[in-house]
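Its first residue numbered 1, the sequence shown is counted upward by one per residue in UniProt numbering. First up is the structure itself, then whatever we jot down about it.
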Amino acid sequence: MPSKSVPSSSPPPPSRTASANTDLSRPRRTRSTCSHCREPPIDHLHVDRYEFWAGNPSVQMSTGLIYVREFDFNTKYGRSSSSSSALHYEGFEPTVLLCPSVSKDTPPTEVVAVWEGYEVGVEQYKVLHGPYPDSYLILVLVGGSDSHANARQLVGGASSSLPLLEVTGCRIDGAVSKSTDDILAPVQLFAPVLTKDHQCSICLDPLLYSPSAISTGGQAACGGGGVALTILCGHSFHWKCLSKWCDRSCPVCRFQQYPSRCSSCDVCGEADSMKLMVCLVCGFIGCCDMDGYPSLLGRDEANSDNRYTHAYEHFLESDHAFAMQVSTQSVFDFSEGDFVGMSGRNSDADGEDAKRGEKSKGSRQKIHRVAKKILQGDEDDLMSEFNEVYTTLQESQQQHYEEIFEQIRSRNRESYAAATEERDEVLSRLCDARDELDTVEDDRARLELELTNVSTSLERLQRSCDEFEGQKTVLEDEIAGLKKELQRRTIASTVRTKKLHDEKTDLREQMKDLKQYLRMRAQVDKSGATDADVQGSFVITQNAGRNSRRKKR
1 MPSKSVPSSS
11 PPPPSRTASA
21 NTDLSRPRRT
31 RSTCSHCREP
41 PIDHLHVDRY
51 EFWAGNPSVQ
61 MSTGLIYVRE
71 FDFNTKYGRS
81 SSSSSALHYE
91 GFEPTVLLCP
101 SVSKDTPPTE
111 VVAVWEGYEV
121 GVEQYKVLHG
131 PYPDSYLILV
141 LVGGSDSHAN
151 ARQLVGGASS
161 SLPLLEVTGC
171 RIDGAVSKST
181 DDILAPVQLF
191 APVLTKDHQC
201 SICLDPLLYS
211 PSAISTGGQA
221 ACGGGGVALT
231 ILCGHSFHWK
241 CLSKWCDRSC
251 PVCRFQQYPS
261 RCSSCDVCGE
271 ADSMKLMVCL
281 VCGFIGCCDM
291 DGYPSLLGRD
301 EANSDNRYTH
311 AYEHFLESDH
321 AFAMQVSTQS
331 VFDFSEGDFV
341 GMSGRNSDAD
351 GEDAKRGEKS
361 KGSRQKIHRV
371 AKKILQGDED
381 DLMSEFNEVY
391 TTLQESQQQH
401 YEEIFEQIRS
411 RNRESYAAAT
421 EERDEVLSRL
431 CDARDELDTV
441 EDDRARLELE
451 LTNVSTSLER
461 LQRSCDEFEG
471 QKTVLEDEIA
481 GLKKELQRRT
491 IASTVRTKKL
501 HDEKTDLREQ
511 MKDLKQYLRM
521 RAQVDKSGAT
531 DADVQGSFVI
541 TQNAGRNSRR
551 KKR
């Protein structure tokens, strides 16, 4: 269900004004001199004021003025004795801050989510409707034994985290209620004060586990859903519970949680409710210049040069004749150029009804005739005529939405055909991919078989290599032994060769001696000497080298 909005016929609140034009220290006026006669006794300069209202217009509303001044970071308490609360708090006095320019595009739960990260003892937040069309107000109740220090921490953190919210000059000094004509302390703006008996309507847990008292040092303990947040209608919830609500309406009364942007022209964005027309067939919102349609201003003169505004252009394009003016909720007939119910009264004298009736076509002629009969006082067939008008309008709406549905079905058919063609193409590519996959699988199986054979051959070669390594080790050992044996035999052969050489040399010497002896013997025999002569003689030889060799030997 859509959120309800405030009727645009109610006077808009005045904009923010400075106290330079208002003497805040003047004596109080009586109730008869002004609708909001009392003003808070504030003696400070540079005080600004904001007009506000809150509540559900269908139930109860409260209006008033809020006086704020810059937050003083240099003082310990940041507030004067003249602005002391009329309510008595045990052991502490909370500080109330005002955030005066929260964009209507920003839900209050998002603002609270940022501020709650500082954990500065905020007890409650409250949403108010402010003086500006594009923003709203948020009240912040900061408690604790040192509420000013907590507020100072909150203002400093918020000014850096949310610079567009202008929270740096917003400590409330007082307020005036237009509804009751009373002076309000800042804390009284949160009336009714939440207690531990109040429950969140979403999670049914207490909004405050304990009231603001000495036991908590002024800081109310909140449930698992976070600190209490009071929305525009006056209902309070845990801010975390409310952030999960997927609608801008209140979960209890369906009124809007916070001021939202008003309707505007779907083409140019015009937001003046006096110039907006809502098509009763398709819901199109378009602007309508009142100068182009005299009947919108209550004038009887006709203007043949209708200005082609966006509402009228929509009528020409879609043939939707009936539209409702947003500000008055009156139904306007573009085919007749007049409000429904006014054409019969304005056209009796000159017969313009018949001319306009001839120009009307289809369902518009029937609706116009039925409306004229009803306005002329024919009450006998009132219900049947109304049903006929209603049926005609329903048929027009049905035709419009059937055209929309047909367009949607046509787009869906085109999308389905394109999707079917794309699906067939994908299936064709999928079949090709499957064939390629089968080929790849065959190649993979063949390669796996080859890999198995190669692995087997490799294992066999590895075993052969291991055997060859063993044989190599044995052969190396044998070679080492043979080398040792060869070395031993080489040494032995060398020794033997030397020995044989020595023997050979000795034998040669002996052979020389023998030859010498035989030669001497032969000479003796030739000489005829006897053995006795030979034995008694001496033979002196000339070979000196022999003795030397013998000495060496």
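Virtual Cβ for every residue (Gly too), placed ideally from N, Cα, C. Computed from a prediction, not measured in an experiment: that's the story for all the values here.
Membership of F315 in the alpha helix (DSSP H) is indicated by the continuous run H310 to S318. The shortest CA-to-CA distance from D319 to any of A419, T392, Q394 and H400 is the one to H400. The C-beta distance from A311 to M277 rounds to 4 Å, short enough to meet the 8 Å contact threshold.
When C-alpha distances from F52 are compared across D442, L232 and S58, the shortest belongs to L232. Each residue's CA atom was taken as its position, placing P100 and S273 some 25 Å apart. Annotated three-state conformation of P108 is helix, per DSSP. Counting along the chain, no beta strand (DSSP E) covers S243; the unbroken alpha helix (DSSP H) around it starts and ends at W239 to S243. The alpha-carbon separation between T109 and R423 amounts to approximately 46 Å.
Annotation for K196: no beta strand (DSSP E) segment contains it, and DSSP assigns it neither H nor E.
Spanning the alpha carbons of Q462 and R488 requires a straight line of approximately 39 Å. Apart from sequence neighbours up to five positions away, the residues of its chain that approach T230 with a beta-carbon distance below 6 Å are K126 and S236, ordered along the chain. The C-beta distance from H314 to G337 rounds to 15 Å, too long to meet the 8 Å contact threshold. In this structure, DSSP gives L449 a helical state, which the three-state scheme calls helix. Taking 7 Å as the cut-off, the Cβ atoms of L194 and A151 do not count as close. For K275, no beta strand (DSSP E) encloses it, and the DSSP letter there is neither H nor E. Following the DSSP letters along the chain, one finds F322 inside the beta strand (DSSP E) bounded by residues F322 to Q325.
For the 7 Å CB-CB criterion, L137 and G130 form a contact. For L139, the uninterrupted beta strand (DSSP E) segment begins and ends at S135 to V142. Short of 7 Å from the beta carbon of Q471, and not among the five residues preceding or following it, lies no beta carbon of its own chain.
Taken through DSSP and simplified to helix, strand or coil, H235 comes out as coil.
Shortest Cα-Cα distance from Y67 to any of A418, V96, S330 and P251 involves V96. Per DSSP, the beta-bridge partners of W53 are T63 and H129.
For L393 and C288, the gap between their C-alpha atoms comes out near 22 Å. The beta carbon of C253 sits closer than 7 Å to those of N56, C233 and H235, all from its chain and outside the five residues before and after it, given in chain order. As the crow flies, the alpha-carbon of V176 is around 5 Å from that of G64. Taking C-beta separations shorter than 7 Å and ignoring five residues to either side along the sequence, V454 has no partners in its chain.
If you look at S101, you'll find it in the beta strand (DSSP E) that goes T95 to S103. Here the alpha carbon of E436 sits roughly 24 Å from the alpha carbon of T420. Beta-bridge analysis with DSSP links Q124 to L141 and A228. With a cutoff of 7 Å on beta-carbon distance, L189 and H198 are scored as not near each other. Residues of the same chain with a CB within less than 6 Å of the CB of V281, apart from the 5 flanking positions on each side, are H320, S396, Q397 and H400 in chain order. By the neighbour-count definition (other C-beta atoms within 10 Å, threshold 16), V495 is an exposed residue. DSSP places F334 in no beta strand (DSSP E); its state is neither H nor E.
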